[in-house]
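In my numbering, the protein residues as written are 584 to 714.
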């Protein structure tokens with residue numbers, strides 16, 4: 584599962600044509616925290632794969648993907664239109680209305696050490712699930 588999540592993040596990081604150092608560090612940190620070696624993550628960064636089917640994920644997994652996407656989008660201190668569009672497209676594939684990105688982006692911080700009230704954010708995101 585973590586490989587699929589990291590692949591989504593890698594695709595986001597590359598959506599503006601350049602994976603910034605902060606983005607790469609965040610991806611490496613998440614990989615390491617989930618048992619992947621630096622070499623494994625480096626290989627994934629070099630060869631991003633197409634994003635697979637996301638509909639089979641649980642609501643918790645969908646939210647975790649959304650949360651990490653927004654965190655990574657903000658990690659380099661710049662948010663590009665291509666990144667927003669990518670996040671909205673992934674939100675749609677996860678079963679959310681694209682507006683969930685703007686709703687959550689103001690409440691999710693780029694620094695993983697700054698924690699948000701995930702339960703509250705998940706409840707907000709739930710309102711944007713498509714029927």
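Ideal Cβ positions, reconstructed from N, Cα and C, are used throughout, including at glycine.
Under 8 angstroms between C-beta atoms of residue i and residue j
| i | j | result |
| --- | --- | --- |
| residue 602 | residue 637 | no |
| residue 614 | residue 655 | no |
| residue 631 | residue 593 | yes |
| residue 683 | residue 672 | no |
| residue 596 | residue 587 | no |
| residue 604 | residue 665 | no |
Strand pairing of residue i, partner residues [DSSP]
| i | result |
| --- | --- |
| residue 679 | 712 |
DSSP-derived helix/strand/coil call for residue i
| i | result |
| --- | --- |
| residue 630 | coil |
| residue 602 | coil |
| residue 661 | coil |
| residue 635 | coil |
| residue 620 | coil |
| residue 608 | helix |
| residue 691 | coil |
| residue 700 | coil |
| residue 641 | coil |
Nearest-angstrom beta carbon gap, residue j and residue i [assumed within contact, 8 angstroms]
| i | j | result |
| --- | --- | --- |
| residue 591 | residue 687 | The Cβ separation is near 16 angstroms, so there is no contact. |
| residue 609 | residue 658 | 5 angstroms |
| residue 640 | residue 585 | No, residue 640 and residue 585 are not in contact; Cβ-Cβ is about 13 angstroms, not under 8 angstroms. |
| residue 704 | residue 679 | The pair is not a contact, with the Cβ atoms about 12 angstroms apart (cut-off 8 angstroms). |
| residue 677 | residue 645 | 4 angstroms |
Within-8 angstroms CB hit, residue i to chain B
| i | result |
| --- | --- |
| residue 685 | The question asks about chain B, but that chain is absent: this structure has only one protein chain. |
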